[in-house]
Amino acid sequence: SSSSLTGGVTLIKPKTTSNFQYAGSIRPGLQTPKRIVPDVDTIKFPDYALDGLPKNRPPLFPWVIETKKPEEIEKMRASGRCAREVLDLAGRSVTPGITTDEIDRIVHAASIERGAYPSPLNYHNFPKSCCTSVNEVICHGIPDDRPLQEGDIVNIDITCYLNGYHGDCSEMFIVGGEDAADHRAKRLIQTTYDCWVKSLNFVKPGNDYKDIGAIIEDHVVENGFTTVKSFCGHGVGSVFHANPNILHYRNSEPAGKMQPGHTFTIEPMICEGAASYLMWPDDWTATTKDGGRSAQFEHTLLITKDGVEALTGKIETSPVQFWERESKVHNGVWLGTSGAAKEREEKLNASLLGSS
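The numbers in the sequence shown follow our numbering, run straight up by one, and end at 474.
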């Protein structure tokens with residue numbers, strides 16, 4: 119990669135090849151240098167922070183899943199809450215003309231302010247502190263100097279590593295607000311959200327992880343969309359990506375049974391055209407092959423004795439989006455199915471939906 123100077127900052131040109139055939143209109147922009155996390159006692163660094171290499175060895179079998187102890191669950195609640203606050207801040211900054219690099223700067227600063235390390239930074243050498251995936255980008259878009267345009271749809275994926283545990287979540291935002299999006303974009307996002315919530319509602323002790331995928335696929339196919347098979351949800355905790363693997367399509371892969379104390383993500387990527395992907399020469403950015411747009415949502419989830427709750431669930435200050443208001447699958451924001459989560463959800467929706 120080469121570099122050029124802008125306003126005293128050396129901008130980095132990502133790896134490209136001259137004859138690479140891009141699928142849609144998005145092109146790689148210039149990147150600012152990797153941001154620095156201060157080396158202070160209050161921020162714990164993940165094991166890959168310096169050399170880019172995660173050190174953990176996953177278990178031999180995909181059905182071997184870590185059960186979190188109560189004190190670990192408390193730490194996961196804190197990292198989940200942290201990731202939610204940072205995601206909300208990032209989402210509020212989405213306006214026509216802002217660059218995804220500026221969103222990354224906001225995310226980086228907000229993570230550090232909360233005593234967290236932004237997990238994507240230097241994970242397998244990823245150059246930025248969050249992922250911003252615009253229009254046809256399925257996932258792992260690298261923040262750069264492209265200004266967002268009215269009508270773009272963007273997924274912002276945030277993970278915060280706080281006191282040794284990761285909280286991981288993502289959400290869609292429409293640049294310019296609901297009215298800026300065309301009808302198909304709105305339908306794509308609504309369908310993605312609804313299939314995700316249906317799959318979240320399935321989670322409880324004793325169910326098979328492999329059955330999540332069919333719920334997602336059946337819902338999106340019925341609505342004329344497709345689900346990506348090449349990227350999956352995952353266990354999360356002191357390790358960024360662990361068992362179980364969560365496939366977002368019908369499958370019979372043995373992935374274990376759901377048990378209280380498991381923490382993991384469900385994060386379907388749904389496409390308006392075909393779901394096959396194209397990898398950019400930067401080795402991170404995955405777009406649809408046909409240039410159609412893609413949408414995604416993600417929570418970090420905790421299985422409890424009586425259901426499931428979102429550790430990255432929305433809070434009193436969170437923005438409510440039209441797909442939460444208008445969903446036929448679930449009314450208002452979703453916090454979980456456990457007794458405690460439902461109680462919190464009822465209060466939160468009364469305050470969020472009542473005032474708007």
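Don't be surprised by glycine CBs; every beta carbon is placed ideally from N, CA and C. Keep in mind that this is a model prediction, so the values were computed, not measured.
Selected residue, minimal CA-CA separation from E371, among R411, Y327 and F358
Within the sequence shown, residue 371 is the residue found at index 253, counting from 1. The shortest C-alpha to C-alpha distance from E371 to any of R411, Y327 and F358 is the one to Y327.
Here's a check: name, in chain order, each residue in its chain whose Cβ is nearer than 7 Å to the Cβ of P245, leaving out the five neighbours to either side.
Within the sequence shown, numbered from 1, the residue matching residue 245 stands at position 127. Excluding sequence neighbours, P245 sits near Q149, K152 and I260.
Using a Cβ distance threshold of 8 Å, determine whether the segment 290-300 contacts the segment 443-458, with at least three qualifying pairs required.
As far as the Cβ criterion goes, the segment 290-300 does not touch the segment 443-458, which means the pair count is below three.
So, under 8 Å CB-CB, V225 and V252 are touching, yes? Tell me the CB distance rounded to an integer number of Å.
Here residue 225 is taken as the residue at index 107 of the sequence shown, counted from 1. Here residue 252 is taken as the residue at index 134 of the sequence shown, counted from 1. About 15 Å; that fails the 8 Å criterion.
Taking the continuous alpha helix (DSSP H) assigned at D336, which residues delimit it?
Here residue 336 refers to the residue found at position 218 of the sequence shown. D336 -> alpha helix (DSSP H) spans I330 to E340.
Can you list, in chain order, the stretches of the alpha helix (DSSP H) that have 4 or more residues and sit fully within the segment 198-273?
218-231, all fully within the segment 198-273.
I'd like the span of the beta strand (DSSP E) that includes G472, first residue to last.
Walking along the sequence shown from the start, residue 472 turns up at place 354. Segment G457 to G472 is the alpha helix (DSSP H) holding G472; no beta strand (DSSP E) there.
Going by DSSP, name the residue or residues bridged to F382.
The sequence position of residue 382 within the sequence shown is 264, counting from 1. By DSSP's assignment, F382 forms a beta bridge with G353 and L419.
How many Å lie between S474 and R443 at the Cα?
Against the sequence shown, residue 474 aligns to sequence position 356. Against the sequence shown, residue 443 aligns to sequence position 325. Since pLDDT at S474 reaches only 49, below the 50 mark, its modelled position is unreliable, and the value read off the structure follows with that caveat. About 10 Å.
Under a three-way DSSP split, which group does P132 fall into?
As a position in the sequence shown, residue 132 is number 14, starting the count at 1. Coil at P132, not helix or strand.
Tell me the DSSP secondary structure of A404 in three-state form.
Taking the first residue of the sequence shown as 1, we reach residue 404 at position 286. Strand at A404.
Is P386 buried or exposed, if buried means 16 or more other CB atoms sit within 10 Å of its CB?
Along the sequence shown, one-based indexing puts residue 386 at 268. The residue in question, P386, is buried, as its Cβ has 16 or more Cβ neighbours within 10 Å.
Assuming V182 and V321 are in contact, meaning their beta carbons sit under 8 Å apart, how far apart are those beta carbons, in whole angstroms?
Translated into the one-based positions of the sequence shown, residue 182 becomes position 64. Translated into the one-based positions of the sequence shown, residue 321 becomes position 203. Separation of the CB atoms of V182 and V321 is rounded to 19 Å, and the pair is thereby denied contact status at 8 Å.
Inter-residue spacing [alpha-carbon to alpha-carbon] between E184 and P214
Mapped onto the sequence shown, residue 184 falls at position 66. Mapped onto the sequence shown, residue 214 falls at position 96. The straight-line gap from Cα to Cα measures roughly 43 Å.
Close-in-space but distant-in-sequence residues of the same chain around H198 (CB under 6 Å, 5 per side omitted):
One-based indexing of the sequence shown puts residue 198 at position 80. A small fix is needed here, since residue 198 is Gly in this sequence, not His. Same-chain partners within the cutoff: G285, T418, L429 and T430.
Less than 7 Å between the beta carbons of G233 and I161, yes or no?
Within the sequence shown, numbered from 1, the residue matching residue 233 stands at position 115. Within the sequence shown, numbered from 1, the residue matching residue 161 stands at position 43. For G233 and I161, yes; Cβs fall inside 7 Å.
Measuring only the C-alpha atoms, how far is T134 from E463?
Position 16 of the sequence shown, counted from the first residue, corresponds to residue 134. Position 345 of the sequence shown, counted from the first residue, corresponds to residue 463. Taking the CA atoms as reference points, T134 sits about 46 Å from E463.
Go through its chain and collect everything with a Cβ distance to P362's Cβ below 7 Å, but skip five positions before and after it.
Numbered from 1 along the sequence shown, position 244 holds the residue referred to as residue 362. The residues are P180, I183, Y327, G353, A373, G374 and F382.
Between the segment 196-211 and the segment 386-403, do three or more beta carbon pairs fall short of 8 Å?
Touching, no, given that fewer than three Cβ pairs across the two stretches are closer than 8 Å.
Neighbour-count burial assignment, N240, 16 or more Cβ in a 10 Å radius:
Counting from 1 along the sequence shown, the entry for residue 240 is found at position 122. Under this definition N240 is a buried residue.
Measuring alpha carbon to alpha carbon, tell me which of A141, K423 and G269 ends up nearest V255.
By 1-based counting over the sequence shown, the position of residue 255 is 137. The residue with the shortest Cα to Cα distance from V255 is A141.
Beta-carbon proximity of T309 to I274, cut-off 7 Å:
Your numbering for residue 309 matches position 191 in the sequence shown. Your numbering for residue 274 matches position 156 in the sequence shown. The beta carbons of T309 and I274 sit no closer together than 7 Å.
What's the call for K173, buried or exposed, on a 16-neighbour Cβ count within 10 Å?
Along the sequence shown, read from residue 1 onward, the residue named residue 173 stands at position 55. Classification for K173: exposed.
Inter-residue Cα distance where the pair is P156 and G355
Along the sequence shown, read from residue 1 onward, the residue named residue 156 stands at position 38. Along the sequence shown, read from residue 1 onward, the residue named residue 355 stands at position 237. So the alpha carbons of these two residues sit roughly 23 Å apart.
Among K423, H366, R145 and E340, nearest to G379 - alpha-carbon criterion:
Residue 379 sits at position 261 when you count from the first residue of the sequence shown. Answer by Cα proximity: K423.
C287: which of W314, S136, A332 and Q139 sits nearest, CA to CA?
As a position in the sequence shown, residue 287 is number 169, starting the count at 1. The residue with the shortest Cα to Cα distance from C287 is W314.
Presumed contact (8 Å Cβ cut-off) between I384 and G342, rounded CB distance
As a position in the sequence shown, residue 384 is number 266, starting the count at 1. As a position in the sequence shown, residue 342 is number 224, starting the count at 1. Contact between I384 and G342 is absent: CB atoms are separated by about 22 Å, not below the 8 Å threshold.
Per DSSP, what are the beta-bridge partners of G454 in this structure?
Residue mapping note: residue 454 aligns to position 336 of the sequence shown, counting from 1. Bridge partners of G454: E427.
Which of the three DSSP states is assigned to A196 in this structure?
To locate residue 196, count along the sequence shown from 1; it is residue 78. Three-state DSSP puts A196 in a helix.
Is it the case that the Cβ atoms of I333 and S317 are separated by a distance below 7 Å?
For this step, residue 333 is matched to residue 215 along the sequence shown. For this step, residue 317 is matched to residue 199 along the sequence shown. Less than 7 Å divides the Cβ of I333 from the Cβ of S317.
Looking at the unbroken alpha helix (DSSP H) that takes in A303, where does it start and where does it end?
Here residue 303 corresponds to residue number 185 of the sequence shown, with the count starting at 1. Membership of A303 in the alpha helix (DSSP H) is indicated by the continuous run H301 to F320.
According to DSSP, is A413 helix, strand or coil?
Along the sequence shown, one-based indexing puts residue 413 at 295. A413: strand per DSSP, three-state reduction.
Restricting to Cα atoms, I'd like to know which of T217, D222, S229 and L205 is closest to L266.
Here residue 266 refers to the residue found at position 148 when the sequence shown is read from its first residue. Of the candidates T217, D222, S229 and L205, the one whose C-alpha sits nearest the C-alpha of L266 is T217.
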